[in-house]
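For reference, the structure discussed in these notes is given below.
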Amino acid sequence: MTTLQLLGVLLLTAASAKGQSYHLGRCPESTVQEDFNAAKYMGTWYEIEKLPAWFQTGRCAQATYSLLSDGTVSVRNENILSDGTVASIQGTARVIDPSQPANLGVSFFKGVPDAPYMVVSTDYQSYALVYSCSDYFGLFYIDFAWILARSRALTDDIINQLHDKLTAIGVDVNRLKVSNQTACDGYSQ
Ligand SMILES: *[C@@H]1O[C@H](CO)[C@@H](O)[C@H](O)[C@H]1NC(C)=O
Numbered sequence: 001m002t003t004l005q006l007l008g009v010l011l012l013t014a015a016s017a018k019g020q021s022y023h024l025g026r027c028p029e030s031t032v033q034e035d036f037n038a039a040k041y042m043g044t045w046y047e048i049e050k051l052p053a054w055f056q057t058g059r060c061a062q063a064t065y066s067l068l069s070d071g072t073v074s075v076r077n078e079n080i081l082s083d084g085t086v087a088s089i090q091g092t093a094r095v096i097d098p099s100q101p102a103n104l105g106v107s108f109f110k111g112v113p114d115a116p117y118m119v120v121s122t123d124y125q126s127y128a129l130v131y132s133c134s135d136y137f138g139l140f141y142i143d144f145a146w147i148l149a150r151s152r153a154l155t156d157d158i159i160n161q162l163h164d165k166l167t168a169i170g171v172d173v174n175r176l177k178v179s180n181q182t183a184c185d186g187y188s189q
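Numbering of the sequence shown is given in UniProt numbering, commencing with residue 1 and proceeding in unit increments.
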């Protein structure tokens, strides 16, 4: 077994142990937001629903994006842990191919390959739907999804529309987990 295969097995084991989102086969095709405008996407987004991700567990989860002068994006993810402390992680996002501006890569650790970050749909001022999918050896894939909003809640109407978009990609929306955005007072920026 090569190191890469071993890593795959470990990832798969970690994923299944956490009830994560791995599937046999290859990542599904997804449409992305047309004419994506990164500048309009910057600022704070609150996490409304997600496909379970083991690196985001607390409540009041939010992400803040800022455009840097070199064209990359600084990413700050924060949430409140069960003991009340604020956890945050800083990363960098960048457009990999300028002809596909809605397809970003995000990295939180130096030396670790970028994770895909695909803006499927956004109106920039109320909601955003993000999908991330990685293929492993052409055998299986692990995917993540986030429904984000400019405030800590979204209308059922918009949530249903975004669920429909995820269903169209092939994501089982029953796997989505509602993020806890209560008791965030005094923490909100
Ligand atoms: C959300 O978090 C608050 C504060 O910890 C807690 O009181 C509440 O029960 C949580 N809600 C859900 C649905 O888990």
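By construction, the Cβ of each residue, glycine as well, lies at the ideal position given by its N, Cα and C atoms. The structure presented is a predicted model; accordingly, all values stated were derived computationally and were not measured.
Residue range of the beta strand (DSSP E) that includes residue i
i, result
"residue 127", "127-136"
"residue 148", "140-149"
"residue 65", "59-67"
"residue 110", "Note, residue 110: premise wrong, no beta strand (DSSP E); not H, not E."
"residue 92", "86-95"
"residue 22", "22-24"
"residue 41", "Careful: residue 41 lies outside any beta strand (DSSP E), inside the alpha helix (DSSP H) at 38-41."
"residue 217", "Nothing about residue 217 can be reported from this structure: the residues present for the chain run from 1 to 189 only."
Residue j beta carbon less than 7 Å from that of residue i
i, j, result
"residue 92", "residue 107", "yes"
"residue 120", "residue 146", "no"
"residue 167", "residue 173", "yes"
"residue 26", "residue 123", "no"
"residue 190", "residue 132", "The structure shown does not extend to residue 190, since the chain spans only 1 to 189, so no value can be given for it."
"residue 74", "residue 66", "yes"
"residue 105", "residue 94", "yes"
"residue 109", "residue 22", "no"
"residue 148", "residue 128", "yes"
Nearest-angstrom Cβ-Cβ length linking residue i and residue j, presumed shorter than 8 Å
i, j, result
"residue 126", "residue 169", "About 21 Å separates the two Cβ atoms, so there is no contact after all."
"residue 64", "residue 44", "5 Å"
"residue 150", "residue 184", "With a Cβ gap of about 14 Å, residue 150 and residue 184 do not count as contacting."
Start-to-end residues for the alpha helix (DSSP H) that takes in residue i
i, result
"residue 181", "Premise fails: residue 181 is in no alpha helix (DSSP H) and is neither H nor E."
"residue 167", "156-169"
query = Can you find at least 3 beta carbon pairs, one from the stretch 57-64 and one from the stretch 27-36, that sit closer than 8 Å?
reply = no
inquiry  = Under 5 Å, CB to any heavy atom of ligand 1. Which residues pass, going along the chain?
reply    = Taken from the N-terminal end onward, the list reads 59, 180, 182 and 183.
Cβ contact check for the stretch 171-187 and the stretch 40-48: 3 or more pairs under 8 Å = yes
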